[in-house]
Amino acid sequence: MSKKMTKKLVIANWKMNPVSGKEAESLFKTIVKNLPTLKNTEVIICPPLIFLDKLFKIRTTKIKLGAQNSFWGEKGAFTGEISAGMLELLKIKYVILGHSERRALGETNLEISKKIKAILSVGLIPILCVGDKERDENHEYFNFVKVQVEECLNGINKELLSKVIIAYEPVWALSTTENRKNASSSDSHEMNIFIKKILTDKFGVNRELPRIIYGGSVNEKNILDFIMNGGIDGVLVGGASLDSKKFLEIVRVTESI
Ligand code: PGA
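Following the working numbering, the numbering of the sequence shown begins with 1 at its first residue and continues without gaps.
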């Protein structure tokens with residue numbers, strides 16, 4: 001099945017930043033004010049939930065808001081968790097799931113798969129993060145990503161597969177990883193092809209596949225290369241999304257292609 005023309009995605013993962021509502025508001029306002037007209041790009045910002053209310057008040061049609069996690073249960077004795085249904089009430093559309101920083105805190109593929117199903121069941125869009133922790137000579141990292149993709153998408157409603165966005169984020173290339181290395185657009189391209197193969201092997205060839213994006217130290221300097229040569233439908237941006245100038249440049253370059 002041919003893939004319909006879709007807009008490129010630029011998704012900001014603010015993580016646990018900035019530290020105050022005032023700063024969040026000011027960063028968001030600067031981005032809104034300076035965003036170019038968007039025809040080819042969808043911009044999504046995922047701030048800490050506590051700031052959502054303030055950001056929704058800054059009205060714009062150019063940016064959608066998202067969350068960085070959710071829980072699989074609908075309600076009950078789950079102290080500190082927020083359900084998919086509750087996120088829907090907040091009027092967000094996207095939810096990052098399975099980020100490597102959450103996996104490092106103990107989140108498993110099984111839990112992520114339950115979260116994806118919960119998010120899809122309320123009509124929101126999961127952004128599933130997968131990624132190898134290190135590159136080894138025997139190319140075991142391919143298998144590592146394969147297991148993540150397969151287990152996280154296990155049992156999902158095939159009709160909803162194309163709603164999912166998969167973010168390939170090699171942990172060794174994140175801006176906050178100690179002794180990090182640069183991932184290249186060909187690393188991204190190679191993994192993109194590999195993930196598509198995993199998906200067609202698992203779900204069959206006649207399905208519209210998830211969009212696949214890249215994340216890991218994307219910035220205003222490497223964005224052109226990743227978008228042109230990385231084989232991707234967009235990017236997930238951490239560190240550079242907290243700097244309005246850098247983020248706006250990432251959007252501007254993406255939009256210009
Ligand atoms: P980075 O983070 O762009 O700072 O590497 C990306 C992410 O963790 O999603």
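Virtual Cβ for every residue (Gly too), placed ideally from N, Cα, C.
Asn-143 sits in a helix when the DSSP states are folded into three classes.
In this structure, the beta-carbon distance from Ile-92 to Ala-67 falls below 9 Å.
For Val-164 and Arg-180, the gap between their C-alpha atoms comes out near 28 Å. The closest heavy atom of the ligand PGA lies less than 8 Å from the beta carbon of Lys-15. Taking 9 Å as the cut-off, the Cβ atoms of Leu-35 and Ile-63 count as close. For Lys-8, the enclosing beta strand (DSSP E) begins and ends at 8-13.
The shortest CA-to-CA distance from Glu-169 to any of Leu-65, Tyr-141, Leu-161 and Ser-162 is the one to Tyr-141. The DSSP-derived three-state label of Ala-67 is strand.
The C-beta separation of Ala-12 from Ser-256 comes to about 19 Å, leaving the pair out of contact by the 8 Å criterion. Here Gly-238 carries a coil assignment [DSSP, helix/strand/coil]. Not one heavy atom of the ligand PGA is found less than 8 Å from the C-beta of Glu-178.
The closest heavy atom of the ligand PGA lies less than 8 Å from the beta carbon of Ala-173. If you draw a straight line from the Cα of Lys-196 to the Cα of Gly-231, it is about 11 Å long. Taking a cut-off of 8 Å on C-beta distances, the stretch 215-224 touches the stretch 242-255, as three or more cross pairs fall below it. Within the DSSP bridge table, the entry for Ile-82 names no partner.
In chain order, Gly-98, Val-145, Gln-148, Val-149, Cys-152, Ile-166, Ala-167, Tyr-168, Glu-169 and Ile-195 place their CB closer than 8 Å to the CB of Val-130, counting only its own chain and leaving out the 5 sequence neighbours on each side.
By the criterion of a C-beta distance shorter than 7 Å, Asp-233 is surrounded in its chain by Thr-6, Lys-8, Leu-9, Arg-211, Ile-212 and Ile-213, once the five residues flanking it on both sides are discounted.
Residue nearest to Leu-128 within the set Glu-137, Asn-143, Asn-138 and Thr-108 is Thr-108 (criterion: CA-CA distance). Collapsing the DSSP output to three states places Glu-249 in a helix. DSSP links Thr-41 through a beta bridge to Lys-8.
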